[in-house]
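Line by line, the protein sequences give chains A and B.
For the first sequence, the positions run 1 to 273 when our numbering is used.
For the second sequence, the positions run 1 to 171 when our numbering is used.
C-beta atoms are modelled at their ideal positions from N, C-alpha and C, and glycine is treated no differently.
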Amino acid sequence: MQRLLQILYKYRTFILLILLEGICFWIIVNSNNYHGAKYFTSSNRLVATIASASNQVSDYFRLAEQNKYLALENAKLRQRILSLSDSASTASLLLDSARLGIKAKVIDNSLFFRNNYLTLNRGHADGVHSGMGVVGPDGIVGQVLHTSTNYSTVISLLHSKTMISAHHNPTRTLCSVVWKGEDPLYAELLFLPRHIPITPGDSISTSGFNSIYPENQLIGIVSEVHLEDEATFYQAKIKLATGFYNLTHVYLLDLSGKEEIDSLNQEINKLYE
Amino acid sequence: MNRFNVFGGLIRAILLILAQVILFKNLVLYDSAFCFGYILIFLMIPMDTNRIVQLLTGFIVGIIIDSFYNTLGIHAAACVLLVYLRIYWSKIMTPSGGYDSGPKINVRTQGIVWFLTYSYPLIFVHILLLFFIEAAGFGLFWQTLSKVFYSSIFTMTVVLIIQYLFYKKMK
Numbered sequence: 001m002q003r004l005l006q007i008l009y010k011y012r013t014f015i016l017l018i019l020l021e022g023i024c025f026w027i028i029v030n031s032n033n034y035h036g037a038k039y040f041t042s043s044n045r046l047v048a049t050i051a052s053a054s055n056q057v058s059d060y061f062r063l064a065e066q067n068k069y070l071a072l073e074n075a076k077l078r079q080r081i082l083s084l085s086d087s088a089s090t091a092s093l094l095l096d097s098a099r100l101g102i103k104a105k106v107i108d109n110s111l112f113f114r115n116n117y118l119t120l121n122r123g124h125a126d127g128v129h130s131g132m133g134v135v136g137p138d139g140i141v142g143q144v145l146h147t148s149t150n151y152s153t154v155i156s157l158l159h160s161k162t163m164i165s166a167h168h169n170p171t172r173t174l175c176s177v178v179w180k181g182e183d184p185l186y187a188e189l190l191f192l193p194r195h196i197p198i199t200p201g202d203s204i205s206t207s208g209f210n211s212i213y214p215e216n217q218l219i220g221i222v223s224e225v226h227l228e229d230e231a232t233f234y235q236a237k238i239k240l241a242t243g244f245y246n247l248t249h250v251y252l253l254d255l256s257g258k259e260e261i262d263s264l265n266q267e268i269n270k271l272y273e
Numbered sequence: 001m002n003r004f005n006v007f008g009g010l011i012r013a014i015l016l017i018l019a020q021v022i023l024f025k026n027l028v029l030y031d032s033a034f035c036f037g038y039i040l041i042f043l044m045i046p047m048d049t050n051r052i053v054q055l056l057t058g059f060i061v062g063i064i065i066d067s068f069y070n071t072l073g074i075h076a077a078a079c080v081l082l083v084y085l086r087i088y089w090s091k092i093m094t095p096s097g098g099y100d101s102g103p104k105i106n107v108r109t110q111g112i113v114w115f116l117t118y119s120y121p122l123i124f125v126h127i128l129l130l131f132f133i134e135a136a137g138f139g140l141f142w143q144t145l146s147k148v149f150y151s152s153i154f155t156m157t158v159v160l161i162i163q164y165l166f167y168k169k170m171k
């Protein structure tokens, strides 16, 4: 017994190393499912406060650029008002404005990792809850992961778990968008069958089937198309509509039917299990 | 290790963590070179510190950095391994006759050649582990490896700059 203790004592550093690495890998694997993990993300109050303080400084250097973007967005909105003469588009605008719930500011953003996250300055005090979709002025941005009282963490579109139900706009064909981790400007288009005519320049937008984003939010524009002789699906690259490099203002969307749709889908999944 | 050393070490750790999350986190060169200057905390732990304490320091600092990067566990895993390897690496690297200036390590006391051979392999291993856990496998092998290479050089440069800026020449 004493010898055993002696051996344990002799190799205590190594044992502690194994133990700590074990804890680390356990956390890495489980942090997505484990609810307590949210205290160690950027929606934590202390972490978010520091991030937002440093953001205030860096914001100052980007003022001119941001003004330009806001002016552009204004111009686009004005254009839309001009085309509001027919009642059908008025109806769709009303629907959209009901959905544009909460305006938020991006206080932290990463681009170059395999899994990227954003931090927003709105939390559950403002009505944000996990699972909400986030869209920017040009296109979709991501989905809320964790919230605290005043801040929230968002899974960026630039994430290995991203899988967005989309459709190819000219033909309304269903397909999926994923991000392979190579370039923050481009994503891949999957499951678009070969009989559909597709050319660079076609736009890809959300299908509305996953009940995170509303229908017809722009995701990107097709930039490259390949088709192998035996392949069933196209290999296509899309240029993302959202400029993640200079994203500052985003909108959080709350789809009213989301919970009902989700619970219906769960019922279906249960049937097949 | 006296009380003053512990205090100085704590201040250094806090300042470097703050610098990491406010400044270094936003320094990305050409989309592929990242800066992890906080590694300097571990590189400068005095050699005679209790090993258990060293490992725990690595774990805690790692978790704090992870909170800011939203990568829970990844930095911690890399830091713990770095600290463990450093214990043995610093033994191998001991100059004949021991360290002149006691157990403290910095570029002024040890000289730049020694400091580079001491810290570059450690930084490289740390960043290698960091990016490959982050990529969850070897799917993007060459891309990840190039990121590791550029990041380690960038981090090494920043570490050297900090050393030359803040540590006075020994007389």
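Starting from the N-terminal side, write out each stretch of the alpha helix (DSSP H) that is 4 residues or longer and does not extend beyond the region 24-55 of chain B. 40-43
Have a look at M156(B), F166(B), D48(B), I162(B) and flag the residue whose alpha-carbon is nearest the alpha-carbon of T94(B). Along the second sequence, read from residue 1 onward, the residue named residue 94(B) stands at position 94. Of the candidates M156(B), F166(B), D48(B), I162(B), the residue whose Cα lies closest to the Cα of T94(B) is D48(B).
Could you check the C-alpha separation between C79(B) and Y38(B) for me, to the nearest Å? As a working note, residue 79(B) is residue 79 in the second sequence. As a working note, residue 38(B) is residue 38 in the second sequence. Taking the straight line joining both Cα atoms gives about 10 Å.
What are the uninterrupted segments assigned as beta strand (DSSP E) that are 3 or more residues long and contained completely in the region 107-170 of chain A, given in chain order? Fully enclosed beta strand (DSSP E) runs of 3 or longer: 117-120, 133-135, 140-147, 152-156, 164-168.
Excluding five sequence neighbours on each side, which residues of the same chain lie with their C-beta closer than 8 Å to the C-beta of Y251(A)? Here residue 251(A) is taken as the residue at index 251 of the first sequence, counted from 1. Contacts found: L100, G101, I102, K103, A104, V134, V135, G136.
For the putative contact between F124(B) and F34(B), defined by C-beta atoms under 8 Å, what is the C-beta separation to the nearest angstrom? Position 124 of the second sequence, counting from 1, holds the residue named residue 124(B). Position 34 of the second sequence, counting from 1, holds the residue named residue 34(B). Your pair F124(B) and F34(B) does not check out as a contact, with CB atoms roughly 13 Å apart and the cut at 8 Å.
I need the boundaries of the beta strand (DSSP E) containing I238(A), first residue and last residue. By one-based count along the first sequence, residue 238(A) stands at place 238. Segment 235-240, the beta strand (DSSP E) holding I238(A).
Own chain partners of F24(B) with C-beta closer than 6 Å, once the 5 adjacent residues on each side are dropped: For the purposes of this step, residue 24(B) is identified with residue 24 of the second sequence, where counting begins at 1. The beta carbon of F24(B) sits closer than 6 Å to the beta carbons of C35, G37 from its chain, once the five residues preceding and following it are set aside; these are given in chain order.
Let me see if you follow: with CB-CB separation under 8 Å, is V134(A) close to chain B or not? In the first sequence, counting from the first residue as 1, residue 134(A) sits at position 134. Closer than 8 Å: no.
Members of the region 114-145 of chain B near chain A, C-beta cut-off 9 Å: F131, I133, E134, A135, A136, G139, L140, Q143, T144
Could you tell me whether the region 127-142 of chain B touches the region 8-21 of chain B, using the rule of 3 or more Cβ pairs below 8 Å? In short, these stretches do not touch, since the Cβ pair count stays below three.
Taking beta-carbon pairs under 8 Å, can you tell me which members of the region 65-82 of chain B lie near chain A? D66, S67, F68, Y69, N70, T71, L72, G73, I74, A76, A77, V80, L81
Quick check on the burial criterion: 16 or more other C-beta atoms within 10 angstroms. Buried or exposed for L184(A)? In the first sequence, counting from the first residue as 1, residue 184(A) sits at position 184. Per the sequence shown, residue 184(A) should be read as Pro rather than Leu. Buried.
Three-state secondary structure assigned by DSSP to S223(A): Locating residue 223(A) in the first sequence gives position 223, where the first residue counts as 1. Reduced to three states, the DSSP call for S223(A) is strand.
Run through chain A and tell me which residues come within less than 8 Å of F59(B), C-beta to C-beta. For the purposes of this step, residue 59(B) is identified with residue 59 of the second sequence, where counting begins at 1. Chain order gives the chain A residues near F59(B) as L20, I23, C24, where near means a beta carbon separation below 8 Å.
Between I140(A) and T49(A), is the Cβ-Cβ spacing less than 8 Å? Taking the first sequence and counting its residues from 1, one reaches residue 140(A) at position 140. Taking the first sequence and counting its residues from 1, one reaches residue 49(A) at position 49. No.
Going along the chain, which residues of the region 152-163 of chain A sit with their C-beta nearer than 8 Å to a C-beta in chain B? T153, S160
Would N116(A) pass as a contact of H168(A) if the rule is Cβ separation under 8 Å? Stepping through the first sequence from its first residue, residue 116(A) is reached at position 116. Stepping through the first sequence from its first residue, residue 168(A) is reached at position 168. Cβ distance not < 8 Å, so N116(A) and H168(A) don't count as in contact.
So if DSSP puts Y272(A) in a beta bridge, which residue, or which two residues, is it bridged to? Taking the first sequence and counting its residues from 1, the one referred to as residue 272(A) is at position 272. Partner(s): none; Y272(A) has no beta bridge.
What's the call for R114(A), buried or exposed, on a 16-neighbour Cβ count within 10 Å? In the first sequence, the residue the question calls residue 114(A) occupies position 114. By the neighbour-count rule (16 or more Cβ atoms within 10 Å), R114(A) is buried.
I need the DSSP call for K180(A), collapsed to helix, strand or coil. For the purposes of this step, residue 180(A) is taken as the residue at position 180 of the first sequence. Residue state, collapsed to three classes: coil.
Which residue from H195(A), A75(A), I28(A), A53(A) puts its Cα closest to that of N70(B)? Reading the second sequence from its first residue, position 70 is the one you call residue 70(B). Out of H195(A), A75(A), I28(A), A53(A), I28(A) has the C-alpha closest to the C-alpha of N70(B).
Using a Cβ-Cβ cutoff of 8 Å, what residues of the region 32-55 of chain B are near chain C? List them in chain order. Given the protein chain composition of this structure (A and B), no chain C is represented.
Near F191(A), which residues of its chain fall below 7 Å by C-beta distance, leaving aside the five closest residues on each side in sequence? For this step, residue 191(A) is matched to residue 191 along the first sequence. C175, S176, F233, listed in sequence order.
Determine the DSSP secondary structure at A91(A), reduced to helix, strand or coil. One-based indexing of the first sequence puts residue 91(A) at position 91. Reliability of the predicted coordinates at A91(A) is poor, the pLDDT of 49 falling under 50, and the value obtained from them is presented with this limitation in mind. It is helical.
The beta strand (DSSP E) with H195(A) in it runs from where to where? Taking the first residue of the first sequence as 1, we reach residue 195(A) at position 195. Run containing H195(A): none; DSSP gives neither H nor E here.
T84(B) CB to nearest chain A CB: under 8 Å? Sequence index remark: in the second sequence, residue 84(B) carries index 84 (1-based). Note on residue identity: the sequence assigns Tyr, not Thr, to residue 84(B). Yes - at least one Cβ of chain A is within 8 Å of the one on Y84(B).
Would you tell me roughly how many angstroms separate the C-alpha atoms of A77(B) and Q235(A), rounded to the nearest one? Working through the second sequence from its first residue, we reach residue 77(B) at position 77. Working through the first sequence from its first residue, we reach residue 235(A) at position 235. Rounded to the nearest whole angstrom, the CA to CA distance from A77(B) to Q235(A) is 36 Å.
Chain A contacts from the region 4-31 of chain B (Cβ-Cβ distance under 9 Å): L18, V21, I22, L23, K25, N26, V28, D31
Contact with chain A by I153(B), beta-carbon distance below 8 Å: Along the second sequence, read from residue 1 onward, the residue named residue 153(B) stands at position 153. Taking Cβ atoms only, chain A never reaches closer than 8 Å to I153(B), which makes this a no.
State yes or no: is the beta carbon of L17(A) nearer than 8 Å to at least one beta carbon in chain B? To locate residue 17(A), count along the first sequence from 1; it is residue 17. At a cut-off of 8 Å between beta carbons, L17(A) contacts chain B.
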